[in-house]
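What follows is one structure encoded as structure tokens, with my remarks underneath.
In this note's numbering, the protein residues as written are 383 to 720.
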């Protein structure tokens, strides 16, 4: 009898517990998918610039390849950090990744200025050879700062934009030339012009306010800033092919699972190839856009071309002295190997 009573009580208790669980609200968290890692990527350029569009595609490729496990959020237009401060922001962990023009890094990495030494590179083929020689050193220098290089893409060749015709070196004297880093400041000084620090996003405003009347930059920058209301002459001097580099904090990259890291590297390789192709297309279309808007596309006179290239040689010697033996790692094979 005692056994039957205990059995009945056990059945009743179990039934009560089951009913209570069925009636109780379900406060348990649903089973979630693996957590998404979010990277913020800072760039100083507008969303419409081909470099930024290429980064946005890189971010989409990574998100797709990792099934959303890595979300790279691109912040253009200096919203997270100013262009010249982006590498430091990534180094200090304020943002996970970034893009900047390589010559903006010369204060910390003098070697980074190789692609902005004027009149060394004159074509995209030359620019690729230069990058092949420069890349190992850049990887090494960035690693020393806790950064990992993802990829690099060149701007179209740098031409001379001017409000007035330029016929001789003396026409630069008294000119207010837009500069954006130490390299362009020195070039302005060598030409006898007054350097005026103007970020790319402020070029149109600076022209309208009369703060500048000339600049050495790509036709793309001219189009992006609609400079034709002030700039009337564009000289195709192909001074240099500066590159933008995209990089990530090495610790952040190392924290990813191996398959996600592999997806990032693959997407970066594709972004570099795509970006070089886009740069060449932009070089052609931007020059034609300047022409359509009334800018006169010209070649500089032979004597002026000779004078400018002579100043370029002087700049080259100064740069080699400032960098030291590392410069030879680039320039000796560049000039001696096909």
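Heads up, the beta-carbon is just placed ideally off N, CA and C, and yes, glycines get one too.
Beta-ladder partner(s) of residue i, from DSSP
i           : result
residue 566 : Residue 566 is not bridged to any residue.
residue 713 : BP columns for residue 713 are empty, so no partner.
residue 530 : 630
residue 693 : Looking at the DSSP assignment, residue 693 forms no beta bridge with any residue, so it has no partner.
residue 541 : 599
For residue i, the first and last residue of its enclosing beta strand (DSSP E)
i           : result
residue 597 : 596-600
residue 679 : 678-680
residue 424 : 419-424
residue 481 : 479-483
residue 439 : Taken as a continuous stretch (DSSP letters only), residue 439 belongs to no beta strand (DSSP E), being part of the alpha helix (DSSP H) at 432-447.
residue 720 : Neither: residue 720 is in no beta strand (DSSP E) and is coded neither H nor E.
residue 497 : Counting along the chain, residue 497 falls outside any beta strand (DSSP E), and DSSP gives it neither H nor E.
Neighbour-count burial assignment, residue i, 16 or more Cβ in a 10 Å radius
i           : result
residue 413 : Unreliable positioning characterises residue 413 in this predicted model, as indicated by a pLDDT of 36, which lies under 50. The coordinate reading is nonetheless provided below. Under this definition residue 413 is an exposed residue.
residue 556 : exposed
residue 392 : With a pLDDT of 44 at residue 392, under the threshold of 50, the predicted position of this residue should be treated as unreliable, though the coordinate-derived value follows. Exposed, because fewer than 16 other Cβ atoms sit within 10 Å of the Cβ of residue 392.
residue 558 : buried
residue 503 : buried
residue 430 : exposed
residue 580 : buried
residue 666 : exposed
residue 563 : buried
residue 433 : buried
Presumed contact (8 Å Cβ cut-off) between residue i and residue j, rounded CB distance
i           : j           : result
residue 436 : residue 535 : 6 Å
residue 499 : residue 697 : 6 Å
residue 530 : residue 440 : The Cβ separation is near 14 Å, so there is no contact.
residue 479 : residue 645 : Not quite, the Cβ-Cβ distance comes to about 14 Å (not below 8 Å), so this is no contact.
residue 577 : residue 561 : 4 Å
CB contact flag (residue i, residue j, <8 Å)
i           : j           : result
residue 445 : residue 453 : yes
residue 457 : residue 424 : yes
residue 625 : residue 501 : no
residue 716 : residue 532 : no
residue 712 : residue 526 : no
Bounding residues of the alpha helix (DSSP H) (the contiguous stretch that carries residue i)
i           : result
residue 324 : Outside the modelled stretch of the chain, which goes from 383 to 720, sits residue 324, for which no answer is possible.
residue 469 : 468-473
residue 586 : 585-590
Short CB-CB distance (under 8 Å) between residue i and chain D
i           : result
residue 544 : Although the question refers to chain D, the structure presented lacks it and comprises just one protein chain.
Proximity test, residue i beta-carbon vs the ligand ADP heavy atom, cut-off 7 Å
i           : result
residue 700 : The ligand ADP is absent from the structure shown, which contains no ligand whatsoever.
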